[in-house]
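Q: Mind looking over this structure? Questions follow.
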Amino acid sequence: MPTRFSHSLLEKWARGWAISREVPSPVTDQGALRIDVNMPDQAARYLFPDICPEIATVASSITRPLVFIKVCAAAEAVQPLLPAHWKILEPAFMMTCQWQQAPVAAPLPAGYTLDFTIVPGGLLVVIKSPEGDTAGNGRLIPVSDQLIFDRIMVDDNHRRKGLGTCIITALAEKGYQMGIPNGVLVATPMGRSLYETMGWQVIRPYTSAVIPVGGNLP
1 MPTRFSHSLL
11 EKWARGWAIS
21 REVPSPVTDQ
31 GALRIDVNMP
41 DQAARYLFPD
51 ICPEIATVAS
61 SITRPLVFIK
71 VCAAAEAVQP
81 LLPAHWKILE
91 PAFMMTCQWQ
101 QAPVAAPLPA
111 GYTLDFTIVP
121 GGLLVVIKSP
131 EGDTAGNGRL
141 IPVSDQLIFD
151 RIMVDDNHRR
161 KGLGTCIITA
171 LAEKGYQMGI
181 PNGVLVATPM
191 GRSLYETMGW
201 QVIRPYTSAV
211 IPVGGNLP
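Quick note on UniProt numbering: the sequence shown kicks off at 1 and runs consecutively.
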């Protein structure tokens, strides 16, 4: 059975995401968890667990690009609450997995290597190709009773070799050894298809919206 969605689960995921990205911890703001990201491609994000009137209030108060609103709900429910100049982005999905027995890391393709490094708050896994370049990586951040999987990446030149599965299963194996059998992540449509083959299940749609850079502001 997957872990059920709850405000507590979302808060744990947000805390882990902030640790993984090395940005300030989330704070409560107008019914949302606000994270001041302060990155070139993202100034801040407001994360809402459900559809609520505060989404419209926050969206109307934002006057610059790169401040994101993210809602654990379908895009068609979020869209009516946004001003016309906002843009809904590619859909994503909050997913969880609960391991009833110890997960086992998938074998690597011939010539590839995998190494773990301790990073602030968790673990970084890096897969190297036979030529020595980075073929993929990912992070695992334990928060309370949850393992937050984040920044899962496979280089375009090394796709279709099972490296995504290697990253997720290697991190899951390490996390289970910490005594935590529960995982949570947010997946793209492509990632969702992969994770479902490993037993992950969608618990909520995850909709992102933003004022586009260069968009027509009111």
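No residue lacks a Cβ here, since even glycine has one placed at the ideal position from N, Cα and C.
Source: prediction; values computed, not measured.
Can you list, in chain order, the residues of its chain with a C-beta nearer than 7 Å to that of G162? Leave out the 5 residues immediately preceding and following it.
A: The residues are A106 and P109.
Q: Could you tell me whether the region 119-136 touches the region 58-69, where touching means 3 or more Cβ pairs closer than 8 Å?
A: Cβ pair count under 8 Å is below three, so no.
Q: Need the endpoints of the alpha helix (DSSP H) that M190 sits in, please.
A: Residues P189 to E196.
Q: What is the DSSP secondary structure of N157, counted as helix, strand or coil?
A: DSSP places N157 in helix when its eight states are reduced to three.
Q: Find the nearest neighbour of D155 within the set L140, V143 and T134, judged by alpha-carbon distance.
A: Checking every option, the nearest Cα to that of D155 belongs to T134.
Q: Check whether the Cβ atoms of A32 and E54 lie closer than 8 Å to each other.
A: Contact: yes.
Q: Apply the 10 Å Cβ neighbour rule to D150 and answer buried if 16 or more other Cβ atoms are within range, or exposed otherwise.
A: Burial call: buried.
Q: In angstroms with no decimal places, state the Cα-to-Cα distance between D50 and Y195.
A: Those two C-alpha atoms are separated by around 24 Å.
Q: Give the range of the beta strand (DSSP E) segment to which G136 is assigned.
A: Segment T134 to V143, the beta strand (DSSP E) holding G136.
Q: Under DSSP, the alpha helix (DSSP H) around S60 begins and ends at which residues?
A: Its alpha helix (DSSP H) spans residues P53 to S61.
Q: P43 to L82, Cα distance in whole Å?
A: Here residue 43 is Ala; the residue named in the question, Pro, does not match the sequence. The alpha-carbon atoms of A43 and L82 are separated by roughly 19 Å.
Q: Beta-carbon of P189 versus every beta-carbon of chain C: anything under 8 Å?
A: Among the chains in the structure shown there is no chain C, since it carries only a single protein chain.
Q: What does a CB cutoff of less than 7 Å around P142 pick up in its chain, not counting 5 residues either side in sequence?
A: Excluding sequence neighbours, P142 sits near G122, G175, M178 and I180.
Q: Please determine, among Y206, E173 and G199, the residue with the shortest C-alpha to C-alpha distance to T188.
A: Minimum Cα distance to T188 is reached at Y206.
Q: Terminal residues of the continuous beta strand (DSSP E) containing T117?
A: First-last of the beta strand (DSSP E) with T117: T113 to V119.
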